[in-house]
Each structure stands twice: as C-alpha cells, then as structure tokens.
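In case it helps, our numbering puts the sequence shown at residues 526 to 857. See structure below.
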Amino acid sequence: MPVIDVHAHVSPDRYKEAIRSEGSWYGLSSKEGELEVGGFAKATSERLKDMDLVGVDMQLLSPAAGFFQYQNDLETTKAIAKECNDEIASMVAEHPSRFAGLGTLPMQDISSAISEMERIVGEKGLRGVEISDHVLGRTYDLAEFRPFFRVAEELGAVIFFHQASDTCVHERIPRYRIGNSVGNLAERTVLFATLVFGGVMDYCPALEPILAHGGGYTAFGITRMDKVAGALDRSGTDLMPPFPQEGDGIIGLRRPPSDYLSRFYYDCCVYRGSVLRFLVEVVGADRVVLGTDYPAPMVLPDAVNWVLGLDELTEDEKRAILADNATRLLHL
C-alpha cells in the first residue's frame, strides 16, 4: 500500500504568478500563501522530488489556510475557492497516482459552500474539503451548518479541519507565537467538543473528519469532557449510558464524549514519539494517519523515517499510520 500524507498544503501557481507580476491576487498579498518566505510556494516538480526523498507516495493536497478568506466579500471568496480548487483538481488529474485533493469553500455562505462542494466532489473528483475550526467565530453546532454536514455526508466527502491564521488565543496574547503553539491545538479541541456536544456527529453518523495536528489537546482532555457530561462516577470509573445529564446543551448526549474518539481521524504531526504513543493509546491505532504539514515551517521533517524508527510503535501500528488508515479513509 502507498504511504499517504493527508496534511500537505498548496498555494496555487496562478496566485504565485499574479503576486510576482502584479503584487496581489484578488486583493491578497504574498502573506496569505506564504510566498514571501517560500513556505507554500512549491512547484509541482519540486514537490514530487521532496515526496520521493522522504518516501511519501501520495499527498492529499489542501489549500494553504490563508485562502479560506471567510472574512472577505462573498464573491471574492467564491472566486478564490474556485481558482484554488480547479488548480488542485488539475494537479490530481496530471498525477493521479501521486495526488488526491481537498478543496476550500466560502463557508460564510452555506448555500455557496454546498454548491462548491458538490462541484468539486461530484465533477472535479476531489475527495472532500478543508475548512477552518469555526467560521468567523460561529461554531458548527449552530443550526445553519446542519445542511452543509448532511450534504458532505451524502457525498462521502472527507472533511479536514485546520485552523485559520488567527486562533482563539490571539486577541488575548499575540506575542511569542502562542497563537500557533497553543491556540492551534486549543482550536482543534474546541472543535471536537463542539461537534460532539453539539450533536453534529449524531446528526451525521457517517462523517469521519480528520483533525489536524493530532487533534490538538483532545486526547489529553477527553476524560474531563466525560466528567462534565456525567459519564464518570466519583472514582473516575466509566458509567454505562444513559447517564445523568445537565444543561448547557449536554442534554440529549446519550454516550460519553470519549465514545466519539473513534469517529475522527488524527494526523501524526505531534513531533515526539511519546506523544504519538499517547495519541494512539487514546484514539486507537486505526484512527491515526500520516500528516506532515508540508511545506509549512511547522512541517514534521522526514516523517516516514521518523515513524518507522519509533520504538514506541509496533510494526503493525506503523503500517496503519503510514498507509492502511488513509487508504481506507480515502477509499483507495
């Protein structure tokens, strides 16, 4: 089976060409796609060489998060999404054995988001979509997002959750890159709790989202979520559902939050073997996939050899993370 990297970003060539020739693209500067630091500005030929060098057979391509543009006017965001998605679809068509693709959507307008998702999955052959952990502060438990998740489920679309540039800690402290080091992981944990406590995962039982960066602090905080939900007794022992419920939206949750861990996939971009071991212990070896964050500065370097060399993992777990789980998820 091929080694598959599910977390690999793209800045479209048409964006790069416009930046170099005109200085902007749909009003975006070089920062959105990290062109100025070369972070995401990889030519396809260079990308393929890098993949061969580290032993990655296939990348699941997704746009750099700067192209989400939920804060922009709708028509501009729709145009940016279409351009990004069409280019990723072209890359997949040119190299079908090396690339699969995810698109970006204008999530500030659900009708437009659904239309674009139907186009790229139904017509362009992309595997699904990459979206942020929230939409300008609006969380996915809100009723307005239910039609989106239902259509994604009907399409069999993969949903890859990845934070936008400003995370939930940015307003409190924009210094020291805490927005990245702490806020990034906090966003993913809030997202997990929102989808579970908010009933989205029950509403769409076939959804199997991917959570970037190991799912943030979800694995560490899941027993606290169980405690809040009334799923633990005083000694910390699991209670059998149905268990006592209290307010704040928890009423109606008929299983402990920890039961939903196996409904998600988590990439292995956690940088340390002991941390990956903990993640595997909590969520299961069948739910962890290779994710490198290529070619961002936070990339997990030489990831395949890193996984293969870990004493903390068995040979079966290594194979599952590098190949088997993503093959199943993407129906390859």
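Each residue gets a CB set at the ideal place from its N, CA and C atoms; glycine is no exception. Since the model is a prediction, treat every value here as computed from it, not as a measurement.
For residue 533, the uninterrupted beta strand (DSSP E) segment begins and ends at 529-535. For residue 726, the enclosing alpha helix (DSSP H) stretches over residues 725-728. Collapsing the DSSP output to three states places residue 827 in coil.
Taken in chain order, the unbroken stretches of alpha helix (DSSP H) that lie wholly in the region 659-698 and span 4 residues or more are 671-680.
Fully contained in the region 628-657 are the following beta strand (DSSP E) runs of length 3 or more, in chain order: 653-656.
Cβ atoms of residue 683 and residue 854 come within 8 Å of each other, at about 7 Å. Annotated as proximal: residue 721 and residue 785, with beta-carbon spacing under 8 Å. Just measuring C-alpha positions, the residue of 587, 692 and 603 sitting nearest residue 594 is 603.
Beta bridge pairing from DSSP links residue 625 with 585.
In the three-state reduction of the DSSP assignment, residue 819 falls in the strand class. A distance below 8 Å separates the beta carbons of residue 529 and residue 852.
Cβ-Cβ separation between residue 694 and residue 718: approximately 16 Å, too far for a contact (criterion under 8 Å). In terms of Cα proximity to residue 792, the closest of 687, 726 and 814 is 814.
A direct Cα-Cα distance of roughly 38 Å separates residue 543 from residue 850. Take residue 532, set aside five residues on each side of it, and the residues of its chain with a beta-carbon closer than 7 Å to its own are 737, 792, 794, 816, 817 and 818, in chain order. Buried is the label assigned to residue 652, since at least 16 other Cβ atoms lie within 10 Å of its Cβ.
Ranked by Cα distance from residue 662, the options 632, 623 and 783 are led by 632.
A direct Cα-to-Cα measurement between residue 749 and residue 620 gives close to 45 Å. According to DSSP, residue 814 shares a beta bridge with 792. If you ignore the 5 residues before and after residue 798, its C-beta comes within less than 6 Å of the C-beta of 835 and 837, all in its own chain and listed in chain order.
In this structure the region 674-689 lies against the region 638-654, because at least three pairs of beta carbons, one per stretch, are closer than 8 Å.
Under the DSSP definition of a beta bridge, residue 553 partners with 550.
A Cβ-Cβ contact shorter than 8 Å links residue 635 with residue 672. Non-local beta-carbon contacts of residue 842 in its own chain, meaning distances under 7 Å to residues more than five positions away in sequence, involve 805 and 810 in chain order.
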